[in-house]
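Each protein sequence line maps, in turn, to chains Z and L.
Residues 4 to 650 in this note's numbering are what the first sequence lists, from first letter to last.
Residues 30 to 124 in this note's numbering are what the second sequence lists, from first letter to last.
Backbone N, C-alpha and C define an ideal beta-carbon position, used for all residues, glycine too.
In what follows, a single structure is set out as structure tokens and then discussed.
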Amino acid sequence: MKRILFLTIILFNFYSYSQNENNKRLDSLLNISKTQKELPLISTLNEISWEYKNSNIDSALFYAKKALKKANKINNKSAISFSYNSIANCFEGFGYLDSARIYHHKSLDLKLQIKDKVGAADSYNNLGIVYDLNGDFDLALKNYFKALHLYESEKVSFDKVPMVLGNIGIVYKKQKKYDKVLDYYNRALKIYEDNNYDFGIVVTKGNIGSVFLKTKDYNKAIKYSNEAKELYNKLGYHRYVPYMINNIAIAKDSLKYYKAAQENYKTAIILFKETQNLYENVYAQIGLANSFYNEKRFKEAQSEAKVALEILHEKGFKEFEVQAFKLLSNIEKNLGNYKEAYFYSNKYAIGKDSLFEENKTKAIFELETKYQTEKKEKEILSQRADIAEKELNINQKNTQIIGLSILAIVLSILGYLLFNQQKLKNQQLKKEGELKEALIKIESQNKLQEQRLSISRDLHDNIGAQLTFIISSIDNLQYGFKITNEKLNNKLSNISAFTKDTIYELRDTIWAMNKSEISLEDLQIRVTNYIEKANMASANTIFQFNVDSDSSNETIFSSVQGMNIYRIIQEAINNAIKYAEATSIKVNFKHLNNQFEISILDDGKGFDIAKVEFGNGLNNIRKRAKDIGATIAFNSDTDGTHINLMV
Amino acid sequence: MGFNIFFMCAIFTVIFAVIIIIFKTVFETIFLKKMANKSLITLNNNVKNEAIKFEKNRDKLQLVDDLHSSLFDRLFKITKDVILVQKFIFETNIK
């Protein structure tokens with residue numbers, strides 16, 4: 004009845020409260036572990052092992068071993084020691100304390116190797132818990148003191164030292180050395196108070212209150228339990244308030260303040276029922292029945308005891324049976340119900356040998372320490388999980404942003420390329436359009452010109468025929484009619500000759516027209532033909548026609564150029580025959596650099612270039628030279644005339 | 030996590046598709062440039078050829094015009110001489 008086990012309830016409530024939280028954290032950790040490697044992964048695996056420890060120890064061990072395997076792979080001693088610690092915790096959960104001890108030692112050895120003093124202190128503390136569970140109190144204390152020494156010498160979080168002090172207190176409590184228990188609890192309380200750690204303060208005050216119950220210092224028990232109750236209310240831990248109220252009820256009952264004790268018991272029962280804590284409800288129920296019994300209100304005591312018995316039988320809370328049977332036996336005896344008293348007495352006799360109650364006491368005390376030790380680790384792991392989850396979220400968001408940025412960049416590139424392509428197409432279409440338009444224009448002009456040329460050819464053919472007819476008609480007249488009139492004959496001859504010249508001119512033009520271009524050879528042939536005719540007309544004159552061997556036959560003149568050159572040569576030869584009375588006429592073609600030199604030389608009487616007015620012939624020569632962009636030079640003296648044409 | 034994977038898959042699929050389209054566009058543009066240059070060269074050559082033809086025809090027409098101007102005078106002179114001969118013959122015969 005004088006149980007001071009309220010902290011167990013805290014643990015159970017943490018356990019049930021945190022079930023949902025654990026599931027969420029577990030899912031989060033499992034998800035994170037898929038993206039991690041090496042040290043972060045090992046840390047996460049150990050955290051997953053911790054999370055599974057309360058619900059599925061096999062899975063917890065699995066993940067702890069997985070973490071060890073990975074830690075061994077990268078040969079990181081810190082990670083290996085952490086994994087050993089996780090495995091040891093799993094074995095503790097299985098109840099394999101020897102295995103747990105071995106693994107804690109392995110973890111400790113590594114931490115000492117890497118000079119992790121704080122880690123080593125944690126391992127000493129864990130070993131202390133294992134030895135405590137095993138009943139090796141001396142070894143438990145030895146390890147606790149080593150942990151305490153290391154915590155006090157290193158810079159650690161403030162709650163490590165009071166945690167170990169509390170664990171030491173628990174061992175002394177088992178050894179019933181309550182003065183030492185209070186000493187260590189008070190030291191822990193002072194540290195919590197110095198650091199304003201309300202939770203540590205409230206738990207320690209509750210523990211101290213429980214110890215005072217053991218030392219029968221009920222007033223102090225009430226004081227501390229009251230303070231703890233107020234603080235639990237203030238902190239919002241309403242679930243734990245009825246534990247304090249229950250302890251106050253025990254103390255007041257012991258001080259024979261029955262009414263106050265019963266009120267407290269009733270309050271505790273109500274609160275336990277509200278929080279569905281039937282286990283502690285039964286305990287308080289039995290306490291209430293006991294208080295009525297102490298006050299000799301046997302009827303009420305019987306009623307409350309039976310209620311308690313009913314609940315504990317329904318829920319299977321065997322550990323309270325012994326107390327309930329003993330109480331009911333006494334109550335029934337006092338009520339004169341000896342049969343029932345005997346019945347319950349037998350039940351009590353059977354049950355009292357059971358050590359369950361003691362074991363439960365021991366286990367609950369042990370749990371307090373372990374959960375105190377590992378509570379902080381759990382909080383750290385939880386924070387790490389949160390940080391890891393946040394980091395994962397950030398990484399995911401970063402990846403999304405990078406992906407979207409890349410998408411934006413490639414879309415921009417694509418847009419630019421498509422714009423470029425369209426621009427190119429437009430430019431090309433525009434150029435093609437312009438060229439096609441120019442082509443159409445020039446083609447139509449060409450067609451027009453060709454039509455004109457075609458018409459001209461037809462016309463020339465016609466005129467040629469007409470002129471030939473005129474010549475033949477005149478010739479027929481002359482020879483057919485035997486014209487004696489000399490004047491008439493001369494006129495007819497003149498007309499005939501003139502007509503012939505017209506025909507020659509027509510033919511020359513037609514020759515030039517029919518050629519797209521006139522080669523040097525063509526010109527040569529034409530000039531040669533003309534010279535032959537001129538030779539026939541002027542038999543006394545010697546004609547020479549020389550073409551420089553350097554001149555290439557691939558030299559090409561346009562129709563106009565060829566025609567004009569020919570006309571110039573014609574004119575020059577005519578003038579030499581008609582006016583110069585030359586006996587020798589030379590026509591030379593010479594290729595000089597990129598130019599052609601055509602020279603017509605005669606040995607006639609020449610003329611004074613300065614004094615003589617140029618007639619149609621010479622003017623025509625000048626004009627024709629200018630038309631084809633050639634330079635003409637006249638040199639004349641009494642020895643002859645030299646006309647030089649540079650094309 | 031599921032949404033993130035789906036989203037990233039979708040994004041990278043789209044990126045991959047856009048990259049393929051970019052390559053396609055680049056090759057199309059190169060081909061287009063090539064064909065456009067060919068076409069322009071052909072058209073330019075045609076225009077040049079027609080221009081050369083035009084120049085030659087112009088030269089020929091120039092010759093024709095020159096011929097026609099002198100031919101007209103000559104024909105006129107021939108006609109005049111023929112008429113004068115006719116006149117002379119008539120005058121001679123009447124006498």
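So if I threshold CB-CB distances at 7 angstroms, which residues from the region 419 to 446 of chain Z count as touching chain L?
Leu420, Leu421, Asn423, Gln424, Leu427, Lys428, Gln431, Lys434, Glu435, Leu438, Lys439, Ala441, Leu442, Ile445 and Glu446
Count the other CB atoms within 10 Å of the CB of Gln386/Z; is the residue buried (16 or more) or exposed (fewer)?
Here residue 386/Z is taken as the residue at index 383 of the first sequence, counted from 1. So Gln386/Z counts as exposed.
Locate the beta strand (DSSP E) running through Ala636/Z, then write down its first and last residues.
As a working mapping, residue 636/Z is identified with position 633 in the first sequence. Per DSSP, Ala636/Z belongs to the beta strand (DSSP E) from Thr634 to Asp640.
Just the chain Z side, please: which residues come within less than 8 angstroms of Thr42/L by C-beta, in chain order?
As a position in the second sequence, residue 42/L is number 13, starting the count at 1. Those within 8 angstroms of Thr42/L in chain Z number zero; the least Cβ separation is about 10 angstroms.
Could you have a look at Val159/Z and say whether DSSP puts it in helix, strand or coil?
Here residue 159/Z is taken as the residue at index 156 of the first sequence, counted from 1. In the structure shown, Val159/Z sits in coil (DSSP, three-state: anything other than H, G, I, E or B).
For Gly609/Z, which three-state DSSP category applies?
Stepping through the first sequence from its first residue, residue 609/Z is reached at position 606. Residue state, collapsed to three classes: coil.
Which residues of chain L have a Cβ atom closer than 9 angstroms to the Cβ of Asn497/Z, listed in chain order?
For the purposes of this step, residue 497/Z is taken as the residue at position 494 of the first sequence. Going along chain L in sequence order, the residues near Asn497/Z (Cβ under 9 angstroms) are Asp110.
What would DSSP say about Leu648/Z, mapped onto helix, strand or coil?
Position 645 of the first sequence, counted from the start, is the residue given in the question as residue 648/Z. In the structure shown, Leu648/Z sits in a strand (DSSP, three-state: E or B).
Between which two residues does the alpha helix (DSSP H) carrying Ile489/Z extend?
Taking the first residue of the first sequence as 1, we reach residue 489/Z at position 486. Strictly speaking, residue 489/Z in this sequence is Glu, with Ile absent from that position. Segment Glu489 to Asn517, the alpha helix (DSSP H) holding Glu489/Z.
Is there at least one Cβ from chain Z nearer than 8 angstroms to Asn122/L's Cβ?
As a position in the second sequence, residue 122/L is number 93, starting the count at 1. Asn122/L does not count as touching chain Z.
Straight-line gap, Ala264/Z to Glu313/Z (C-alpha atoms, nearest Å)
Counting from one through the first sequence, the residue named residue 264/Z turns up at place 261. Counting from one through the first sequence, the residue named residue 313/Z turns up at place 310. The straight-line gap from Cα to Cα measures roughly 22 angstroms.
Looking at the C-beta of Lys63/L, does it have a partner C-beta in chain Z at a distance below 8 angstroms?
Taking the second sequence and counting its residues from 1, the one referred to as residue 63/L is at position 34. False, the Cβ-Cβ gap to chain Z never drops below 8 angstroms.
Distance CB(Ile118/L)-CB(Leu491/Z) smaller than 8 angstroms
The count along the second sequence starts at 1 and reaches residue 118/L at position 89. The count along the first sequence starts at 1 and reaches residue 491/Z at position 488. For Ile118/L and Leu491/Z, yes; Cβs fall inside 8 angstroms.
Any chain Z beta carbon closer than 8 angstroms to Gln115/L
Counted from its first residue, the second sequence places residue 115/L at position 86. No, its Cβ sits nowhere closer than 8 angstroms to a Cβ of chain Z.
Would DSSP call Leu258/Z helix, strand or coil?
If you number the first sequence from 1, residue 258/Z lands on position 255. Reduced to three states, the DSSP call for Leu258/Z is coil.
Can we say the region 479 to 489 of chain Z touches the region 85 to 94 of chain L, given the rule of at least three CB pairs closer than 8 angstroms?
no
For Lys494/Z and chain L, any beta-carbon pair shorter than 8 angstroms?
Counted from its first residue, the first sequence places residue 494/Z at position 491. Output row for Lys494/Z: interface = yes.
Minimum Cβ-Cβ distance from Lys106/L to chain Z less than 8 angstroms
Position 77 of the second sequence, counted from the start, is the residue given in the question as residue 106/L. Answer yes: the Cβ-Cβ gap between Lys106/L and chain Z drops below 8 angstroms somewhere.
Option nearest Ile534/Z by Cα separation, candidates Ala515/Z, Glu508/Z and Ile576/Z:
By one-based count along the first sequence, residue 534/Z stands at place 531. Of Ala515/Z, Glu508/Z and Ile576/Z, the residue nearest in Cα terms is Ile576/Z.
For the pair the region 284 to 295 of chain Z and the region 242 to 251 of chain Z, tell me if three or more CB-CB distances fall below 8 angstroms.
yes
Inter-residue Cα distance where the pair is Val92/L and Ser519/Z:
In the second sequence, the residue the question calls residue 92/L occupies position 63. In the first sequence, the residue the question calls residue 519/Z occupies position 516. According to the sequence shown, residue 92/L is Leu rather than Val. C-alpha separation (whole angstroms): 12 angstroms.
Under the three-state DSSP convention, the category Gly643/Z falls into
Here residue 643/Z corresponds to residue number 640 of the first sequence, with the count starting at 1. Strand at Gly643/Z.
Assumed close pair Ile105/Z, Leu64/Z - CB separation to whole angstroms, cut-off 8 angstroms:
The count along the first sequence starts at 1 and reaches residue 105/Z at position 102. The count along the first sequence starts at 1 and reaches residue 64/Z at position 61. Contact doesn't hold; Cβ gap of about 14 angstroms is too wide.
Report the neighbours of Ser99/L on chain Z: residues whose CB is nearer than 7 angstroms to its CB, in chain order.
As a first step, residue 99/L must be located in the second sequence, where it is residue number 70. Under the 7 angstroms cutoff, chain Z gives Glu508.
Quick one: residues in its chain with C-beta nearer than 6 angstroms to the C-beta of Lys217/Z, no 5 flanking neighbours on either side, listed in chain order?
As a position in the first sequence, residue 217/Z is number 214, starting the count at 1. Same-chain partners within the cutoff: Tyr181.
Compare the C-beta of Ala515/Z against all C-beta atoms of chain L and say whether one is closer than 8 angstroms.
If you number the first sequence from 1, residue 515/Z lands on position 512. It does; some Cβ of chain L falls within 8 angstroms.
Out of Asn59/Z, Ser58/Z and Ala70/Z, state which residue places its alpha-carbon closest to the alpha-carbon of Glu41/Z.
In the first sequence, residue 41/Z corresponds to position 38, counting from 1. The option with the nearest alpha carbon to Glu41/Z is Ala70/Z.
Confirm, please, whether the CB-CB distance from Lys68/Z to Ile45/Z is below 8 angstroms.
Translated into the one-based positions of the first sequence, residue 45/Z becomes position 42. Translated into the one-based positions of the first sequence, residue 68/Z becomes position 65. Not in contact: Ile45/Z and Lys68/Z (Cβ atoms no closer than 8 angstroms).
According to a CB-to-CB cut-off of less than 7 angstroms, which residues of the region 52 to 85 of chain L neighbour chain Z?
Thr54, Val55, Glu57, Thr58, Leu61, Lys62, Ala65, Ser68, Leu69, Leu72, Asn73, Asn75, Val76, Glu79, Ala80, Lys82, Phe83 and Lys85
Quick one: which chain Z residues come within Cβ less than 7 angstroms of Ile48/L?
As a position in the second sequence, residue 48/L is number 19, starting the count at 1. Those within 7 angstroms of Ile48/L in chain Z are Val413.
If we define contact as Cβ-Cβ less than 8 angstroms, is Phe119/L a contact residue for chain Z?
Here residue 119/L refers to the residue found at position 90 when the second sequence is read from its first residue. It does not: the Cβ of Phe119/L has no partner Cβ on chain Z nearer than 8 angstroms.
From which residue to which residue does the beta strand (DSSP E) around Gln547/Z run?
Looking up residue 547/Z in the first sequence gives position 544. Its beta strand (DSSP E) spans residues Ile545 to Val550.
Given this structure, state the Cα-to-Cα distance separating Leu651/Z from Ser68/L, to the nearest angstrom.
Missing from the structure shown is residue 651/Z; chain Z here goes from 4 to 650 and no further.
Along chain Z, in chain order, which residues have C-beta atoms closer than 7 angstroms to that of Phe36/L?
Your numbering for residue 36/L matches position 7 in the second sequence. Those within 7 angstroms of Phe36/L in chain Z are Gln403.
Tell me, please, whether the CB atom of Thr505/Z is closer than 8 angstroms to any CB atom in chain L?
Reading the first sequence from its first residue, position 502 is the one you call residue 505/Z. For Thr505/Z, the answer is yes, since a Cβ of chain L falls inside 8 angstroms of its Cβ.
How long is the line joining the alpha carbons of Asn173/Z and Gly339/Z, rounded to whole angstroms?
Reading the first sequence from its first residue, position 170 is the one you call residue 173/Z. Reading the first sequence from its first residue, position 336 is the one you call residue 339/Z. According to the sequence provided, residue 173/Z is Ile. The question's Asn does not apply to it. If I take the Cα positions, the gap works out to 43 angstroms.
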